[in-house]
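Data first, discussion second: the structure below is written as structure tokens.
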Amino acid sequence: MPGGYAGKWLEVDLSKDKIEEVTYSDKILEQYFGGRGLAAKIAWDKVGDKWSEMDPLAPESPLMVYTGPMTAIYPGTRICVSGKSPVSMGTVGSTAATELANEMKSAGYDGVTFMGKADKPVYLLITDNSAELVDASHLWGLDGEKTLIKLNKEVTDELTKRKPNVGLWKDPGMIYIGPAGENLIRNAAVLAKICHAAGYGGYGSLMGSKNLKAVVAKGRGTLPVVDAPEATILLWKKTHEHLMARSAMRRQGTGYAGYAVGADTSSEPIRNWQEEWHDEKSFGGPMFETRFWVKKKWADFNCTTNCMKVSCIKTGPWKGDITDMPDYELQAYCGTNFGIFDPEANIHLSALADQLGHSGINGPNTAGFAVELHQRGILSDEDFGFKPKWGDVETFDKILRMMAYREGIGDVLAEGTYKAAFLIAKMKGKKPEELLKYAVHVKGIEVGAHGTRSDADYTHDISYAASVQGGDHTSVASDGYNDMSGAVFTDSAVFCNFTYYGVPQSLVFDFAKAITGFPMTLHGWRSVTGPRIVTLQKALLMMGGPGLKWEPIKDDDNPPRFYEPLPSGPYKGKTTDKAVVDQKLQAYFDTLGWDNRGIPTKETLKKLDLAFLEKSMAKLR
Amino acid sequence: MVKPIWISRDYDACSGCRRCELACSIHHEGWMWPEASRVRVFMPFPGLEVPHLCSQCQDYPCIESCKFDALSIDPDTDAVIVDREACTSCGLCITACPGTVPTLHPGDNKANICDLCGGEPKCVEVCVEAGYNALTIVHEEPNIHRKLYSRNPVDTARDLAVKMFGEKGLEVIE
Amino acid sequence: MTSIWIVRDYENCSGCRRCELACSFHHEGWMWPEASRVRVFMPFPGVEVPHLCAQCDDYPCVESCPVDALSVDADTTAVIVDRDACTSCGACYRACPGTVPFLHPADNKATICDLCGGDPECVKVCKEAGYNCLRLVHEGMSPNRKLFSRNPIEVAKDLAVKMFGEKGEEVI
């Protein structure tokens with residue numbers, strides 16, 4: 162087994178209550194690495210040519226919870242959740258920072274593949290070289306916070322009971338779902354650590370569809386042995402030196418961006434992206450920091466980026482709400498995008514989204530979409546049961562709850578922005594296009610809080626349009642091969658983006674080589690491994706699912722809103738240039754060896770050792 | 008080294024990065040092994056991180072409790088030294104410790120206690136280097152307060168929770 | 000050296016006010032808290048707020064001066080006061096979103112942090128004491144800077160709630 166891997170994966174058949182250990186060949190691991198890459202491959206292996214007919218929420222749909230070979234050893238522990246996405250029909254490597262990842266590795270496992278559906282709620286408990294399914298009926302229906310509190314206590318007690326005489330048992334690592342996942346809200350998140358989430362992809366609903374409430378692990382073994390331990394330790398120290406030099410990130414996290422991205426780069430969603438500029442100083446980082454950041458030194462396992470800050474509201478009706486910062490994405494999506502510029506309200510709505518089990522980006526995007534439909538006269542007060550208003554906390558508090566519990570209009574919104582547009586169009590006797598022009602998604606995935614119109618942010622023309630993960634702001638497409646060594650790599654090696662940027666890429670690839678022993682190079686990832694994973698993801702995405710097939714070129718595009726001119730701010734009048742998008746899209750396809758409709762060619766599939774896709778791709782060409 | 012030394016712990020400053028566990032295990036075990044680390048960071052609720060390690064009580068109840076004389080005091084550092092040959096894994100030291108600090112090592116199952124790295128603790132090095140300063144070295148004589156830090160980390164976290172979250176803090180740990 | 004900035008981490012401020020002493024030693028040759036370019040406000044015991052120029056990216060004070068007595072130091076980005084030109088009109092402190100400048104207790108001229116030419120004395124003593132409330136960072140200009148130019152009583156009100164919870168609403 163190459164270094165960095167614990168060496169075995171679990172396969173859990175929830176229908177049959179059966180757990181097996183499996184392993185993968187060195188070749189597969191070198192080709193797909195782990196996390197996002199390996200999950201796409203195993204998903205294909207499990208489903209194959211039936212992909213386009215398989216409902217992602219059906220029992221036969223696989224769910225992957227994978228680490229990668231660099232997880233926990235490279236700074237910034239993370240877990241990758243993947244499978245057939247209920248929103249995009251392709252796969253998304255959705256990652257969250259959680260100690261589950263390092264605990265799983267210490268327990269001797271690199272990941273878990275879930276199949277089937279349990280007949281009652283369960284959670285998987287992983288301990289040293291062992292795993293079992295535990296009844297979770299008493300946890301079903303609980304919000305994120307209570308789930309975490311109860312699980313922490315009961316698992317620690319259970320481990321102490323089993324082995325009482327080794328000293329104190331430490332808390333386990335875990336991921337879990339809230340009511341949104343249980344109620345199959347299509348874009349629900351998998352949560353961790355009260356305010357962390359694997360949000361993109363909608364894997365919360367995939368977990369919910371399997372009656373799987375949580376995955377918990379506590380291991381006592383070493384982190385996996387590596388190919389070159391001395392070099393690894395040296396590189397570990399070097400990498401941390403780079404991370405510790407990032408003063409602004411360590412001090413502010415992304416919690417200062419809720420003001421700056423709006424005021425400076427003019428790319429922050431406001432009222433469902435009707436604007437992207439504001440100069441609301443009340444929403445500045447220091448206003449969060451001074452009043453609410455009760456802990457400013459906060460990091461996950463093996464991380465010195467220190468981008469997290471614990472926020473707590475200590476007075477008023479929301480007293481006791483706890484969340485992280487909120488980070489920029491949630492400042493935007495649970496703040497400015499609702500027309501809310503008050504830190505306290507933003508913290509409340511962020512904490513609420515977390516506790517309900519929403520993805521704090523995707524669920525609130527749908528809520529903002531709904532309120533714009535009301536503004537445009539498409540939805541009425543009666544549809545909501547009250548009068549929704551921009552900037553009103555009660556409005557969004559209610560909508561987020563109605564979605565999580567599928568009450569009233571929430572039942573339709575629970576299908577995510579894209580599907581909801583069709584359902585509401587039908588409900589109101591309108592053409593879908595009339596509603597889709599307000600739907601800010603790409604390939605069913607609601608777009609992260611970085612606009613393209615000002616062109617002043619890191620997101621540009623084809624960032625989302627060409628991405629195999631649609632609106633995911635953590636994994637955007639760019640010209641040439643650059644993005645092939647970005648998130649495609651970190652989500653497959655499985656560690657955090659924020660422990661990657663700011664560290665020289667050559668150092669990171671030396672690190673990868675020292676861990677695994679694979680002959681890894683930046684060039685190799687950019688030209689072969691990255692393109693292999695992305696091409697596989699592209700194929701699965703374009704195969705689609707029942708009732709949902711993306712149309713090449715037409716759907717490889719930005720949301721219509723991104724072509725409207727910015728109405729305000731220093732970039733007023735600017736917009737994304739469709740001609741540039743079309744031209745760069747073709748260049749992107751060309752670089753990756755896809756045809757002019759973005760379908761991988763036979764030669765490319767052969768070159769990347771993806772010939773198993775040829776039959777399905779031939780149908781699409 | 009100027010003796011005596013003590014590792015002061017400032018719980019509010021702990022980020023939960025657990026590099027102390029990695030540095031400790033790299034030093035003592037040659038590789039990253041959080042559960043074999045002599046310092047372990049408990050996190051009974053996110054945000055409440057409690058580094059848990061020997062505080063060198065003045066009366067050393069663990070040493071008193073050992074029936075096989077496997078524990079002794081390092082005259083230079085005041086640290087508790089484990090004679091792994093003599094240790095029988097009986098667990099008496101764990102029960103005698105007011106904070107249940109010692110563990111049985113996940114590898115050889117012997118009592119595992121902080122030895123202050125002979126006077127230059129690696130956990131402190133990485134914590135100070137990162138600017139957290141949750142663990143710092145102080146040059147202070149043994150005193151009666153040390154023992155008060157030998158406390159169940161979940162109890163410590165309960166207190167921290169109230170300090171951080173107010174009334175809500177009473178609810179976050181079962 | 001380009002673009003330095005003094006970070007202020009209010010919770011770390013002990014209220015020892017050695018920063019004021021070090022600043023006045025450097026600029027005035029003796030201990031003179033009220034002449035210090037950094038002043039620690041304490042509207043309620045325990046709630047200490049160091050108050051000093053944040054070098055806003057648009058320098059409203061420099062803009063406001065009718066006699067061009069204020070300029071920006073090209074190396075440090077600090078605001079430099081030409082004391083001969085200053086007419087003590089007070090336009091600068093009225094223009095400042097945090098009312099940071101003040102008129103010097105002796106010569107009555109506008110007094111503003113000059114970052115000690117790049118090596119601020121206040122930071123040195125704060126760091127030396129292990130408080131690290133004031134720290135020097137090498138970071139480019141940012142719109143966030145201006146948000147620190149804020150009335151210290153307003154800052155203290157927020158801090159009070161974070162520290163004391165509901166009681167914090169009452170103490171200032």
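Chains as they are written, first to last, in my numbering: chain Z, 162 to 782; chain H, 8 to 181; chain R, 0 to 171. Cβ atoms here follow ideal geometry from the backbone N, Cα and C, with glycine treated the same way.
Z/F547 sits in coil when the DSSP states are folded into three classes, being neither helix nor strand.
By DSSP's assignment, Z/T252 forms a beta bridge with Z/K245.
Under the 8 Å criterion on CB atoms, H/K175 is classed as interfacial with respect to chain Z. Neighbours of R/V122 in chain Z, taken as residues whose beta carbon is under 8 Å from its own, are absent, since the nearest beta carbon is some 13 Å off. Residues of chain H with a Cβ closer than 9 Å to the Cβ of Z/G164 do not exist, since the nearest Cβ in that chain sits about 11 Å away. For H/R25, at least one C-beta of chain Z is nearer than 8 Å to its own C-beta.
At least one CB of chain Z lies nearer than 8 Å to the CB of H/V179. With the rule of 3 Cβ pairs closer than 8 Å, the stretch 38–58 of chain R does not count as touching the stretch 152–169 of chain H.
Taken in chain order, the members of the stretch 397–409 of chain Z whose beta-carbon sits within less than 9 Å of a beta-carbon on chain R are S408 and A409. For Z/C473, the uninterrupted beta strand (DSSP E) run begins and ends at M469 to C473, by DSSP. The Cβ neighbour count for Z/R197, taken over all protein chains shown within 10 Å, is at least 16; the residue is labelled buried.
One thing to note: Z/L746 has its Cβ no nearer than 8 Å to the Cβ of Z/A648. Where Z/L404 is concerned, there is no enclosing beta strand (DSSP E), although the alpha helix (DSSP H) around it starts and stops at P390 to M405. For Z/V455, the closest Cβ of chain H is nearer than 8 Å. Boundaries of the alpha helix (DSSP H) harbouring Z/S366: Y364 to S370, taken from the DSSP string.
Using beta-carbon distances, Z/I310 counts as an interface residue toward chain H, with a partner under 8 Å.
Per DSSP, the unbroken beta strand (DSSP E) holding Z/I483 starts and ends at I483 to D485.
Under the three-pair Cβ rule at 8 Å, the stretch 230–246 of chain Z counts as touching the stretch 668–680 of chain Z.
Proximity of chain Z to R/G164 at the Cβ level (cut-off 7 Å) is accounted for by K475 and T476, in chain order.
One finds S22, G23 and G54 in chain H with Cβ atoms closer than 7 Å to the Cβ of Z/W459, taken in chain order. The beta carbon of Z/F449 lies closer than 6 Å to those of G416 and P504 in the same chain, with the five residues before and after it left out.
When C-beta distances to chain Z are compared with 7 Å, the residues of the stretch 78–106 of chain H below that value are G98 and I101, in chain order.
Taken residue by residue, none of the stretch 493–507 of chain Z has a beta-carbon sitting less than 7 Å from a beta-carbon on chain R.
Cβ-Cβ distances below 7 Å link H/L99 to S72, C73 and K74 in the same chain, with the five nearest sequence neighbours on each side left out; the list follows chain order.
Close partners of H/R165 in chain Z (Cβ separation under 9 Å) are lacking, with about 12 Å as the shortest Cβ gap.
With respect to chain R, the C-beta atom of Z/G445 has a partner C-beta closer than 8 Å. Here the alpha carbon of Z/G500 sits roughly 44 Å from the alpha carbon of Z/K207.
For H/S72, the enclosing alpha helix (DSSP H) stretches over residues P68 to S72. When C-beta distances to chain R are compared with 8 Å, the residues of the stretch 420–443 of chain Z below that value are Y420, A421, A424, D425 and K442, in chain order.
Around R/A84, the same chain offers V66, D67 and A68 as residues with beta carbons nearer than 7 Å, after the five sequence neighbours per side are excluded. Counting C-beta atoms within 10 angstroms of its own C-beta, Z/S541 has fewer than 16 neighbours from the protein chains shown and is therefore classed as exposed. Under the 8 Å criterion on CB atoms, Z/C464 is classed as interfacial with respect to chain H. The alpha-carbon separation between Z/K179 and Z/L286 amounts to approximately 13 Å.
For the stretch 614–661 of chain Z, the continuous alpha helix (DSSP H) assignments of 4+ residues that do not extend past its boundaries occur at 648–654, in sequence order. The stretch 630–637 of chain Z makes no contact with the stretch 439–455 of chain Z; the number of CB pairs closer than 8 Å stays below 3. Using a 10 angstroms sphere on the CB of R/N107, the tally of other CB atoms stays under 16, which defines it as exposed.
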